[in-house]
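Heads up: the sequence shown begins at 1248 in this note's numbering, then just goes up one per residue.
Note that beta-carbon positions come from the ideal geometry of N, C-alpha and C, so glycine has one too.
Just below is one structure, and these are the notes that go with it.
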Amino acid sequence: MKPLSSKNLAIEESMTLAITAKAKQLKESGVNIVSFGAGEPDFNTPKNIRDFAIKRIEMGGNGYTAASGLVELKQAVCDKLKRDNHLEYKPNQIVISSGAKHSLFNALQAICNPGDEIIIPSPYWVSYYELTKMADGVPVLVEGSAANAFKVTVDQLEAAVTDKTKGLLINSPNNPTGAVYSREELLAIGAFAAKHDLYIISDEIYEKLIYGETHVSIASLSEDLYERTIVINGLSKAYAMTGWRIGYTACSLAITKVMSNVQSHATSNANTIAQYAGIEALNGDQTTIEEMRVAFDERRQYMVKTIGEMPNVSCVEPKGAFYVMVDISYFKGKSIDGVLIKDSLDLAAVLIDKANIAVIPGIAFGVDNYIRLSYATSMENIVEGLKRLEAFAKLF
Ligand code: PMP
Ligand code: GLU
1248 MKPLSSKNLA IEESMTLAIT AKAKQLKESG VNIVSFGAGE PDFNTPKNIR
1298 DFAIKRIEMG GNGYTAASGL VELKQAVCDK LKRDNHLEYK PNQIVISSGA
1348 KHSLFNALQA ICNPGDEIII PSPYWVSYYE LTKMADGVPV LVEGSAANAF
1398 KVTVDQLEAA VTDKTKGLLI NSPNNPTGAV YSREELLAIG AFAAKHDLYI
1448 ISDEIYEKLI YGETHVSIAS LSEDLYERTI VINGLSKAYA MTGWRIGYTA
1498 CSLAITKVMS NVQSHATSNA NTIAQYAGIE ALNGDQTTIE EMRVAFDERR
1548 QYMVKTIGEM PNVSCVEPKG AFYVMVDISY FKGKSIDGVL IKDSLDLAAV
1598 LIDKANIAVI PGIAFGVDNY IRLSYATSME NIVEGLKRLE AFAKLF
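Quick look at the structure:
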């Protein structure tokens, strides 16, 4: 047989999804595992949204929609962007896709030519790197230091820019660090993007999960930034709708057209019933968002306090999303029961075996001195899982 696509053979499996699946499987086979892996809310989708979807199924008439999505949902997205982000878009500037991951795929497909460089601040969400490669782009990583709450500075970005740089990815609040960029920081990054004429892909999927900070959408900061930014958002995190698979983009008409055409051949429309449910999510009662945010915040505070009191590990307080990055550099080069811990992958494997906790190795996010713990799991699991982590840390 002839060889398969070399470009796609070089794509790694999503480690976040792989480990979450492995933890689920171990649990189902009777292993008492506590999973800090999953990056999805552990709450049910709010009832008004579920009811609306059921009604919609009963009504029938749920055939294909326009490939780029239902006009009514696009309008609901425009209303949301205006209400929450001071952004004015028309429905023909919105593409509804099968999750924000799909939106990111479309965005990178739309802007990249082979060899174009995309600057990705690290730690970065696992899929940015591979999605850039899938679009024939070249990921260029710029690491934010823990001392700067994992945020990159314009000086660092300047050092990374070349004549091939095409775009910049911003993810605030950030997965995996929980970092939130301020208005001033975004203005500075925006000026950098304008100076080098770069597209900005702004992934704002965690905007509603924010603690003591204010979310600012970079596209809202100037006319120029509005033109060069592709806003990415979706329903997965704010409405506990991960499995429903609805994400969206908002951007210039020129980029929208390319993404819409790409999607029209790749997947057609996002699931029709989920799109209708999305209208209810965006236009209906919003109080459940705050209830979930408050619960996440409680867990966040408990995590930061408890990890802060443990020996041999440390963390930076996250200001958004539902993850904590734990510094595990102390364990690297040490052994347990004859098993050498060389890197974050080894540590994650050992934590499953010896402590019965599932975590995501930092290397999935480009930083090997860390593991990521998700607090999108019950307080009970968090208390038990952190007890296990502490007992493990004390073995050294
Ligand atoms: N962006 C970030 C930063 C994420 O963590 C996720 C996780 N699912 C996504 C995008 C994609 O979300 P979805 O495809 O479920 O909308
Ligand atoms: N974004 C979540 C995470 O980082 C869900 C898994 C995924 O889509 O990668 O864990």
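Tell me whether T1400 sits in a helix, a strand or coil according to DSSP, three-state version. The residue given as residue 1400 occupies position 153 in the sequence shown. T1400: coil per DSSP, three-state reduction.
Along the beta strand (DSSP E) that carries V1573, what are the first and last residues, could you check? Stepping through the sequence shown from its first residue, residue 1573 is reached at position 326. Y1570 to D1574 is the span of the beta strand (DSSP E), which, as asked, contains V1573.
Which word fits R1492, buried or exposed, when buried means at least 16 other C-beta atoms lie within 10 angstroms of its C-beta? Numbered from its first residue, the sequence shown carries residue 1492 at position 245. Counting Cβ neighbours within 10 Å, R1492 comes out buried, since at least 16 surround it.
Continuous alpha helix (DSSP H) stretch holding D1383: start and end: As a working note, residue 1383 is residue 136 in the sequence shown. Element bounds for D1383: n/a, residue is neither H nor E.
Can you grab the Cα-Cα spacing for the pair S1469 / L1445, in whole Å? As a working note, residue 1469 is residue 222 in the sequence shown. As a working note, residue 1445 is residue 198 in the sequence shown. If you take the alpha carbons of S1469 and L1445, they lie about 15 Å apart.
Cβ pair I1296, G1316 closer than 9 Å: The residue labelled residue 1296 in the question sits at position 49 within the sequence shown. The residue labelled residue 1316 in the question sits at position 69 within the sequence shown. Contact flag unset, no.
Restricting to Cα atoms, I'd like to know which of S1276, P1293, V1278 and N1279 is closest to I1536. Taking the sequence shown and counting its residues from 1, one reaches residue 1536 at position 289. Of the candidates S1276, P1293, V1278 and N1279, the one whose C-alpha sits nearest the C-alpha of I1536 is P1293.
Which residues mark the beginning and the end of the beta strand (DSSP E) in which V1478 is found? The residue given as residue 1478 occupies position 231 in the sequence shown. From DSSP, the beta strand (DSSP E) with V1478 extends over T1476 to G1481.
Terminal residues of the continuous beta strand (DSSP E) containing A1367? Position 120 of the sequence shown holds residue 1367. Correcting the residue type first, residue 1367 is Ile in the shown sequence and not Ala. Looking at the DSSP string, the run of the beta strand (DSSP E) that includes I1367 is E1364 to S1369.
Do you know whose CA, among K1271, D1289 and E1260, lies nearest A1487's CA? Sequence index remark: in the sequence shown, residue 1487 carries index 240 (1-based). Cα-wise, what sits closest to A1487 is D1289.
What span of residues does the beta strand (DSSP E) with G1414 cover, start to end? For the purposes of this step, residue 1414 is taken as the residue at position 167 of the sequence shown. It spans T1412 to N1418 - the beta strand (DSSP E) in which G1414 sits, taken as one unbroken run.
For the alpha helix (DSSP H) holding Y1497, just list the boundary residues, first then last. One-based indexing of the sequence shown puts residue 1497 at position 250. Note that residue 1497 is Ala in the sequence shown, not Tyr. First-last for A1497: G1494 to A1497, but that is the beta strand (DSSP E), not the alpha helix (DSSP H).
What's the gap between the Cα of I1477 and the Cα of M1506? As a working note, residue 1477 is residue 230 in the sequence shown. As a working note, residue 1506 is residue 259 in the sequence shown. For I1477 and M1506, the distance between alpha carbons rounds to 11 Å.
Using a Cβ-based criterion (distance less than 8 Å to any ligand heavy atom), does D1289 qualify as near ligand 1? Within the sequence shown, the letter at position 42 stands for residue 1289. No - ligand 1 has no heavy atom lying nearer than 8 Å to the Cβ of D1289.
On the DSSP letters alone, give me the boundaries of the beta strand (DSSP E) that V1630 sits inside. Stepping through the sequence shown from its first residue, residue 1630 is reached at position 383. Looking at the DSSP string, V1630 is not in any beta strand (DSSP E); the run it does join, the alpha helix (DSSP H), is M1626 to A1640.
For G1567, which of helix, strand or coil comes out of DSSP? Reading the sequence shown from its first residue, position 320 is the one you call residue 1567. If DSSP states are grouped into helix, strand and coil, G1567 belongs with the strands.
Taking the alpha-carbon positions, what's the H1462 to I1304 distance? Residue numbering aside, residue 1462 sits at position 215 when the sequence shown is read from its first letter. Residue numbering aside, residue 1304 sits at position 57 when the sequence shown is read from its first letter. One C-alpha to the other measures close to 35 Å.
Among K1601, A1441, A1300 and L1334, whose alpha-carbon lies nearest the alpha-carbon of S1467? As a working note, residue 1467 is residue 220 in the sequence shown. Of K1601, A1441, A1300 and L1334, the residue nearest in Cα terms is L1334.
What do you reckon, are the CB atoms on E1631 and V1281 nearer than 9 Å? Translated into positions along the sequence shown, residue 1631 becomes position 384. Translated into positions along the sequence shown, residue 1281 becomes position 34. Contact: yes.
Given 8 Å, three or more beta-carbon pairs between the region 1397-1410 and the region 1544-1559: No: the two stretches stay apart, fewer than three of their Cβ pairs being nearer than 8 Å.
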